[in-house]
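Just so we're aligned, residue 1 is where the sequence shown starts under UniProt numbering, counting upward by one. Every residue, glycine too, gets a C-beta built ideally from N, C-alpha and C. Before any comments, here is the structure.
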Amino acid sequence: RRGQEEAAAVAGGGCCGGEGRVGGFQDGGGGGQGGGEEGRCRRFVIRVKRGVYKENVEVGSGLKNVMLVGDGMRNTVITGSRSVGGGSTTFRSATFVAAVNGAGFIARGITFRNTAGPQNHQAVALRSDSDRSVFYQCSIEGYQDTLYVHSQRQFYRECYIYGTVDFIFGNAAAVLQNCMIYARRPMKSQKITITAQGRTTRTRTRASRSTTLGSWLPRT
């Protein structure tokens, strides 16, 4: 409970208090978000019931303060298989996207999975561009380029992250707290690299080269 409250506080930022309304996006176009201070500050909670959802999902630009609540990472799974090897780009391969300008996004108790496999190279399970986005007790599963912390400020607490090559990467200011990182077995020609972040100067904000984080044994 305490961890959930801390995670929500990170996402809340300067937003006003008060309980959010359940739903709010039935029209698919963000019509539930009204104007003025109340519209900017209300949190919209969407329950995602247990099940395996085989689709690519994007929380579109401008949909602020959205919260997805699953039935636990073992029970609520969003899965896809787009990959560079399958003809996509790394940016477009993500199974789930919390898009830019959709500040304050929260996900709790959900698995985001990309099943393309190591042979299909870059295949993102989760990409977040959302400022003050929070992922709490979520599982993020893939192989190469699993978690794309693309930009803005992001917070991950008590999450599980699986991958092989550069599987936590991007330009965000991201904090991973009490998370478990699992290195999966790569192809024979590959080496396990946890992060794809490297700066040549202290003021540089973009990655310039890969950095291997520690000594890791593969997890099948």
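{"Query": "Residue from N65, A98, R185 with nearest C-alpha to Y143", "Result": "R185"}
{"Query": "Assumed close pair I78, T95 - CB separation to whole angstroms, cut-off 8 angstroms", "Result": "6 angstroms"}
{"Query": "R82 beta carbon less than 8 angstroms from that of N65", "Result": "no"}
{"Query": "Presumed contact (8 angstroms Cβ cut-off) between L176 and Y160, rounded CB distance", "Result": "Not really, about 11 angstroms apart at Cβ, beyond 8 angstroms."}
{"Query": "Contacts around D145, its chain only, beta-carbon distance under 7 angstroms, and the 5 residues preceding and following it disregarded", "Result": "T90, Q122, A123, V124, D166, F167, F169"}
{"Query": "For T120, three-class secondary structure by DSSP", "Result": "Per the sequence presented here, residue 120 reads as Asn, with Thr not at that position. Residue state, collapsed to three classes: helix."}
{"Query": "Min CB distance M67 to chain B below 8 angstroms", "Result": "The chain inventory of the structure shown lacks chain B, comprising one protein chain alone."}
{"Query": "Sequence-distant residues of the same chain with beta carbon closer than 6 angstroms to A174, five excluded per side", "Result": "V149, Q154"}
{"Query": "Coarse secondary structure for S93, derived from DSSP in three states", "Result": "helix"}
{"Query": "Distance CB(E141)-CB(T164) smaller than 8 angstroms", "Result": "no"}
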